[in-house]
Amino acid sequence: MTDQAGARSFAPPPLPTFEAMIDTIAKPIPAFVVLVAGAAATVAVAVALHGSASSHPEPTQAERAAAAPLVAPLPSPGESTRSQIDRFTAALAAAPRDPSAYDNLAFAELQMAREDGDPTWYTKADALLHRARAIDPENYTALAGLGSLAASRHQFAHALALGRRALALDSGSSYALGVMVDAQVELGRYADARRSLEQMLNARPDLSSYSRASYFLELHGDIAGARRALEQAIASGAPARENTAWAYLWLGNLEFGQGRYSAADRQYRMAARAQPGFVHAVAAEAKLAAARGRDARAIRLYRAATARLPLPAYVIALGDVEAAAGRTAAAHRTYGLVRAEEALYAANGVNVDVELALFETDHGGDPQRALALAQAAARVQHSVVVEDALGWTLYRAGHPRTALAAADRALRLGTRDSGFLYHRGVIEASLHMRVAARRDLARALAINPHFSVLYEPHARALLAQVSR
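Anchor point for the sequence shown: position 30 equals 29 in numbering that gives the first Met the number 0, and the numbering is continuous, going up by one each time.
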């Protein structure tokens with residue numbers, strides 16, 4: 000377990016640019032020092048998009064959905080997103096009163112955000128979509144686009160409202176339904192999400208709808224159904240190879256989460272084959288290496304992935320493997336970079352309360368601050384993911400009985416998640432509930448024996464303790 004550090008008070012310097020972060024992480028680790036020294040003074044608390052206590056971060060439903068093709072424009076065959084942005088920028092300059100020109104450029108910029116992880120694209124796309132609606136208030140594509148952007152920023156209540164407004168303008172819009180499904184799932188409105196998802200599947204049974212169905216089924220513990228849905232997503236085809244690569248990646252993640260490492264490996268290789276150079280497949284290979292105890296290989300692969308795409312999730316995973324391998328100083332420097340990155344996400348409108356709470360709880364932050372952030376999120380979002388974060392932060396802040404109630408709510412759907420079960424098992428053990436703790440810890444390790452490079456050793460030791 001990490002030591003808990005007290006909160007500090009200081010005036011933050013200007014944030015490093017995203018490009019500077021990429022340049023820094025691409026260099027040998029000792030070169031981190033200059034940036035991270037500044038990063039440590041940038042924010043008092045940290046955030047980690049897609050983070051989880053399992054140390055194997057997975058995408059949220061909103062991020063899964065972002066990879067699925069929902070709206071035009073699609074790039075021409077062989078055209079890069081950067082080239083697409085240049086083309087649409089020129090088209091907008093030639094027709095500044097055409098709302099579709101703003102839509103086209105905004106969606107290309109949102110695609111770019113997915114490719115390079117730079118949250119400043121969100122801010123640019125936001126302005127373009129608002130301009131499109133100012134010209135044409137009935138522009139449902141721009142309205143749904145703003146909903147999708149709100150979901151990417153983890154502003155799920157706002158995303159749901161925008162998705163509903165877009166659907167009112169175009170009752171057949173699968174795109175608007177997708178926005179609604181994403182928001183309803185993240186808000187914990189699962190009955191509503193099921194109805195919206197059924198409507199979406201009826202309107203458009205494709206990669207977008209099947210991938211959402213898979214996540215919904217996975218949350219409800221139906222792993223076989225989730226697997227079938229992703230297989231249907233792949234079979235349905237996609238306009239771009241990257242979309243298919245994402246579907247293979249999700250299928251690999253599903254298998255990994257159930258401890259099926261060889262099956263996960265096959266899917267990750269399919270993802271790399273579907274989209275040569277697919278950086279997420281490199282990170283997935285690193286995750287497998289870490290699970291198999293090949294720390295040096297995992298570190299090498301994570302460094303290669305983060306040099307190209309320094310998503311906080313991958314930087315956190317790199318730091319966790321470094322910590323597990325005994326490279327404490329390197330891990331400390333890596334975590335410092337995460338703090339600077341997440342401040343940049345927050346500066347571009349991304350709500351990072353849940354991710355920040357979990358990162359700080361697991362990496363030496365102030366437990367009271369982490370709890371306040373988790374509680375703020377839980378006032379709006381009632382998803383099992385938020386309940387798990389709330390339970391864990393309550394426990395680490397010294398409130399085990401209240402934590403247990405939240406941990407129970409986190410497992411109310413029957414989700415087969417080793418991280419959730421580990422959290423509840425630890426809480427139960429602290430309350431001397433030996434039988435319950437033994438059940439949950441044993442199940443966590445049975446589902447995914449190497450669910451966390453940080454917490455697997457503790458899970459095994461605690462299970463042995465409560466089994467005596």
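Glycine is no exception: its CB is placed at the ideal position from the N, C-alpha and C atoms.
Exercise for the section: Go ahead and pull the three-state DSSP assignment for R459. Expected result: helix
Practice task
Please report how far the alpha carbon of L253 lies from the alpha carbon of A282, in whole angstroms.
Solution key: 15 Å
Practice task
Can you tell me which of L104, L176 and L336 puts its alpha carbon nearest to the alpha carbon of R194?
Solution key: Of L104, L176 and L336, the residue nearest in Cα terms is L176.
Problem - Alpha carbon of D319 to alpha carbon of V425, nearest angstrom - result: 20 Å
Practice task
Report the residue from P456, H457, E427 and Y421 whose alpha carbon sits nearest the alpha carbon of R442.
Solution key: Y421
Practice task
Put H398 into one of helix, strand or coil per three-state DSSP.
Solution key: coil
Practice task
Taking only the alpha-carbon atoms, compute the straight-line gap between A375 and A156 and give it to the nearest angstrom.
Solution key: Near 14 Å, if we compare the C-alpha coordinates of A156 and A375.
Handout entry: Among R152, H449 and V452, nearest to V351 - alpha-carbon criterion
Key = R152
Problem - Pair within 8 Å by beta-carbon distance, E341 and P311 - result: yes
Problem - C-beta atoms of T360 and W391 nearer than 8 Å - result: yes
Problem - Residues of its chain near A273, where Cβ-Cβ distance is below 7 Å and the 5 sequence neighbours each way are ignored - result: R240, T243, A244 and Y247
Exercise for the section: Would you kindly report the start and end of the unbroken alpha helix (DSSP H) that includes Y209? Expected result: Per DSSP, Y209 belongs to the alpha helix (DSSP H) from L206 to L218.
Practice task
Compare the C-alpha of F255 against each of A285, A271 and G276 and name the closest.
Solution key: A285
Problem - Whole-Å CB distance - A225 paired with E217, under 8 Å assumed - result: 4 Å
Exercise for the section: Can you tell me which of the three DSSP states Q466 falls into? Expected result: Before going on, a small fix: residue 466 reads as Ser here, not Gln. In the structure shown, S466 sits in coil (DSSP, three-state: anything other than H, G, I, E or B).
Practice task
State buried or exposed for D407, treating a residue as buried only when at least 16 other CB atoms are found within 10 Å of its CB.
Solution key: D407 is exposed by the Cβ-count criterion.
Practice task
Quick one: using the 10 Å Cβ neighbour count with 16 as the cut-off for buried, is E455 buried or exposed?
Solution key: buried
Handout entry: Same chain, Cβ closer than 8 Å to L461, neighbours up to 5 away in sequence not counted
Key = G424, V425, A428, A436 and L440
Practice task
Answer with buried or exposed for P95, where buried requires no fewer than 16 other C-beta atoms within 10 angstroms of its C-beta.
Solution key: exposed
Exercise for the section: Would you mind sorting I24 into buried or exposed? The rule is 16 or more other CB atoms within 10 Å of its CB. Expected result: Residue placement at I24 is poorly supported in this model, since its pLDDT is 35, which falls under 50; the coordinates still yield a value, given next. Answer is buried; the Cβ neighbour count reaches 16.
Practice task
Please work out which residues of its chain come closer than 6 Å, Cβ to Cβ, to S466, disregarding the five sequence neighbours upstream and downstream, and give them in chain order.
Solution key: Sequence-distant Cβ neighbours of S466 in its own chain, meaning closer than 6 Å and more than five residues away, are R437.
Problem - Buried or exposed by the 16-neighbour rule on C-beta atoms within 10 Å, applied to V434 - result: With fewer than 16 Cβ atoms within 10 Å of its Cβ, V434 is classed as exposed.
Problem - Sequence-distant residues of the same chain with beta carbon closer than 6 Å to A468, five excluded per side - result: The structure shown does not extend to residue 468, since the chain spans only 0 to 467, so no value can be given for it.
Practice task
Helix, strand or coil for V385, going by three-state DSSP, please let me know.
Solution key: helix
Problem - For Y454, the three-state DSSP class (helix, strand or coil) - result: coil
Practice task
Report buried or exposed for T333, applying the criterion of at least 16 other Cβ atoms within 10 angstroms of its Cβ.
Solution key: Classification of T333: buried, given that the 10 Å Cβ count is 16 or more.
Exercise for the section: Have a look at H219, L250 and G220 and flag the residue whose alpha-carbon is nearest the alpha-carbon of A228. Expected result: L250
Problem - Of the residues A290, M179, D169 and L168, the one placed nearest L148, counting alpha carbons only - result: M179
Handout entry: Where D85 falls, given that 16 or more other Cβ within 10 Å makes a residue buried
Key = exposed
Problem - F277 in three-state terms, based on DSSP - result: coil
Handout entry: Three-state class that DSSP yields for V351 in the structure shown
Key = Coil, per DSSP.
Problem - CB-CB length for P275 against G116, believed under 8 Å - result: Not quite, the Cβ-Cβ distance comes to about 19 Å (not below 8 Å), so this is no contact.
Exercise for the section: Determine the direct distance from the alpha carbon of A182 to that of A158, and round the result to whole angstroms. Expected result: 6 Å
Handout entry: Residue nearest to Q198 in terms of C-alpha spacing, selected from A329, S173 and A263
Key = S173
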